[in-house]
Amino acid sequence: QGSSPYHPKVSSVKRPSRDNKMVLVQAIRAMKVVKVMKAMKAMKAMKAMKRLDSHVTRGKKKGQFRKIDYGRVKTIKGKKYDRTILRAAELAVKGARDGRISEEDAKMICKAVRPSADGRSTYDKTEKDTMAYVRKTFKFTKSGDKAVRSFIAKMGGKQAARTKAMKAMKAMKTMKAMKVMKAKKAMKAMK
Numbered sequence: 004q005g006s007s008p009y010h011p012k013v014s015s016v017k018r019p020s021r022d023n024k025m026v027l028v029q030a031i032r033a034m035k036v037v038k039v040m041k042a043m044k045a046m047k048a049m050k051a052m053k054r055l056d057s058h059v060t061r062g063k064k065k066g067q068f069r070k071i072d073y074g075r076v077k078t079i080k081g082k083k084y085d086r087t088i089l090r091a092a093e094l095a096v097k098g099a100r101d102g103r104i105s106e107e108d109a110k111m112i113c114k115a116v117r118p119s120a121d122g123r124s125t126y127d128k129t130e131k132d133t134m135a136y137v138r139k140t141f142k143f144t145k146s147g148d149k150a151v152r153s154f155i156a157k158m159g160g161k162q163a164a165r166t167k168a169m170k171a172m173k174a175m176k177t178m179k180a181m182k183v184m185k186a187k188k189a190m191k192a193m194k
């Protein structure tokens with residue numbers, strides 16, 4: 004076997020020196036430390052995030068989590084408001100902050116308004132009234148207010164498009180049923 008660019012001799016391959024090995028080992032350790040620090044920072048951020056959850060308050064299961072009931076209402080001065088949205092707003096201003104709802108907190112309120120983005124949850128009159136109450140009662144940062152308003156506008160547009168499509172489908176079904184009925188009448192008249 005001769006020496007060629009495709010098959011170099013074993014002796015011609017340079018092996019890393021001991022110093023280079025140490026540098027490589029140190030670089031790998033540094034990268035691992037950076038990775039661990041990033042993970043710890045992410046975990047701290049997750050711990051600091053506010054959570055909208057619900058606990059059982061009575062009975063054997065007291066203190067345990069329960070599924071959030073998005074249909075619950077709270078009556079304030081004789082008017083019914085969505086309880087989940089109000090809890091999200093109260094939780095958003097709670098803590099060692101300045102009492103305003105930031106963009107991060109606004110995301111939690113948006114989740115309470117529209118828990119699923121696939122169209123199964125709608126934005127009804129109670130939720131509209133609740134959001135009006137929240138905007139009037141609680142203070143928002145500029146970015147928080149913008150985030151909530153854009154979310155509501157975007158979801159409202161999607162809901163309107165779905166409603167329009169459903170009405171069009173219903174009209175098409177009605178027209179198809181009418182055509183079938185006409186055809187049946189015509190066939191009866193022929194007999």
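Our numbering runs 3 ahead of the 1-based position in the sequence shown.
Think of the CB as a built atom: it goes at the ideal place given N, C-alpha and C, for glycine as much as any other residue.
Since the model is a prediction, treat every value here as computed from it, not as a measurement.
| Check | Outcome |
| --- | --- |
| CA nearest to the CA of Ala115, picked from Lys82, Ala95, Met190, Thr144 | Ala95 |
| For Tyr84, three-class secondary structure by DSSP | strand |
| DSSP-derived helix/strand/coil call for Thr177 | helix |
| CB of Ile112 within 8 Å of CB of Ile88, strictly | yes |
| Stretch pair the region 168 to 188 + the region 120 to 137: three plus CB contacts closer than 8 Å | no |
| Beta-bridge pairing of Lys77 - partner residues as DSSP gives them | Tyr84 |
| Beta-carbon proximity list for Ala150, same chain, < 6 Å, skipping 5 on both sides | Glu106, Ala109 |
| Sheet register partners of Arg165 (DSSP bridge) | Note: Arg165 sits in no beta bridge, so no partner. |
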